[in-house]
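Everything below concerns the one structure shown next.
Chains as they are written, first to last, in the working numbering: chain A, 1287 to 1400; chain B, 501 to 611.
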């Protein structure tokens, strides 16, 4: 079974702090994604990566950056956390081969910025 | 820009009923369509994926259909059970890019 893990289930940070959210997948997937989920707005794509050291902006990249130094790990960075970044963050991965692109999701990190 | 709409937003039915969840999308140039289940406070569990060349997929009591020309997909749940209570999300993808999600249907199955 595909396993996508996220470093924390719950996180509380203060405004202005630098925040790292980590995601690891164990199935050698090429593609990795970060989404945020908010009530009434649904899931929205922040950034994605289709290879090591590669990154592409999603729909709402402002205020975020990402890092992918190893194939299995994709990090989301909030350079200076703000209260409007309080949200549920979900990481996903998908396999490039077979051209199916089914996405598998981690359990999510609920981030609260105070 | 792709837009995905799910109707109804919420649904409550007695146990044992068959039910249909609807998903529509504005851009038919999709690579695939994926249905997910989300339990409260949890991540997403993939239920079914339909590639653009396919018409339907089945898994147990679940059947998903895809009509690209009309921009619609349906998720059929047979003989519903209380354990099926969750939020169901549909999402369309352009291949290696991210998914565009609907806002979900919140389903409650009454025992």
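The beta-carbon is built from N, C-alpha and C at its ideal position, and this holds for glycine as well.
| Going along chain A, which residues have a C-beta under 7 Å from residue 603 (chain B)? | Indexing the second chain from 1 puts residue 603 (chain B) at position 103. Within 7 Å Cβ-Cβ: 1328.
| Neighbour list for residue 542 (chain B) in chain A, Cβ cutoff strictly below 9 Å | Counted from its first residue, the second chain places residue 542 (chain B) at position 42. Per Cβ cutoff of 9 Å: 1393, 1394.
| task | Pull out every residue of the segment 503-516 of chain B whose Cβ sits closer than 7 Å to any Cβ of chain A, in chain order. | result | Within the segment 503-516 of chain B, no residue places its CB atom closer than 7 Å to a CB of chain A.
| Where residue 1314 (chain A) sits in the DSSP three-state scheme | For the purposes of this step, residue 1314 (chain A) is identified with residue 28 of the first chain, where counting begins at 1. Taken through DSSP and simplified to helix, strand or coil, residue 1314 (chain A) comes out as coil.
| message | Along the segment 542-563 of chain B, where does the CB come closer than 9 Å to a CB of chain A? Name the residues. | response | Residues of the segment 542-563 of chain B with a Cβ closer than 9 Å to any Cβ of chain A, in chain order: 542, 543, 544, 545, 546, 549, 551.
| query | Using a Cβ-Cβ distance under 8 Å, would residue 1319 (chain A) count as near chain C? | reply | Of the protein chains in the structure, A and B, none is chain C.
| request: List the endpoints of the continuous beta strand (DSSP E) containing residue 1396 (chain A). | output: Here residue 1396 (chain A) corresponds to residue number 110 of the first chain, with the count starting at 1. Where residue 1396 (chain A) is concerned, the enclosing beta strand (DSSP E) stretches over 1395-1399.
| task | Output yes or no for whether 8 Å exceeds the beta carbon distance between residue 1378 (chain A) and residue 1389 (chain A). | result | Along the first chain, read from residue 1 onward, the residue named residue 1378 (chain A) stands at position 92. Along the first chain, read from residue 1 onward, the residue named residue 1389 (chain A) stands at position 103. Yes; because the gap between Cβ atoms is below 8 Å, this pair is in contact.
| request: Tell me where the beta strand (DSSP E) around residue 592 (chain B) begins and ends. | output: Looking up residue 592 (chain B) in the second chain gives position 92. Where residue 592 (chain B) is concerned, the enclosing beta strand (DSSP E) stretches over 586-593.
| Is residue 1360 (chain A) close to chain B, meaning its C-beta is less than 8 Å from at least one C-beta of that chain? | Along the first chain, one-based indexing puts residue 1360 (chain A) at 74. Interface flag for residue 1360 (chain A) against chain B is unset, since no Cβ pair is found closer than 8 Å.
| Residue ranges of each beta strand (DSSP E) within the segment 1296-1349 of chain A, 3 or longer | Complete beta strand (DSSP E) runs here, min 3: 1296-1299, 1305-1311, 1317-1324, 1328-1335.
| task | Write down every uninterrupted run of the alpha helix (DSSP H) in the segment 518-597 of chain B whose length is 4 residues or greater and which is fully enclosed by it, in chain order. | result | Runs found: none.
| field | Min CB distance residue 1344 (chain A) to chain B below 8 Å | value | Within the first chain, numbered from 1, the residue matching residue 1344 (chain A) stands at position 58. Look at residue 1344 (chain A): its C-beta is under 8 Å from a C-beta on chain B.
| Nearest-angstrom Cα distance between residue 574 (chain B) and residue 1300 (chain A)? | Your numbering for residue 574 (chain B) matches position 74 in the second chain. Your numbering for residue 1300 (chain A) matches position 14 in the first chain. Computed Cα separation, rounded: 43 Å.
| request: Check the C-beta distance from residue 1328 (chain A) over to residue 603 (chain B) and give it rounded, since I have them as a contact under 8 Å. | output: Taking the first chain and counting its residues from 1, the one referred to as residue 1328 (chain A) is at position 42. Taking the second chain and counting its residues from 1, the one referred to as residue 603 (chain B) is at position 103. A Cβ-Cβ distance of about 4 Å is found for the pair residue 1328 (chain A) and residue 603 (chain B), placing them in contact under the 8 Å criterion.
| said: Using a Cβ-Cβ cutoff of less than 7 Å, which residues in the same chain neighbour residue 1341 (chain A) once the five nearest sequence positions on both sides are dropped? | reply: Here residue 1341 (chain A) corresponds to residue number 55 of the first chain, with the count starting at 1. Closer than 7 Å at Cβ, skipping near neighbours: 1333, 1335, 1352, 1354.
| For the segment 1363-1376 of chain A, which residues have a beta carbon sitting closer than 7 Å to at least one beta carbon of chain B? | Closer than 7 Å at the C-beta level to chain B, one finds these residues of the segment 1363-1376 of chain A: 1376.
| request: For the beta strand (DSSP E) containing residue 1292 (chain A), list its first residue and its last residue. | output: Residue 1292 (chain A) sits at position 6 when you count from the first residue of the first chain. Residues 1290-1292.
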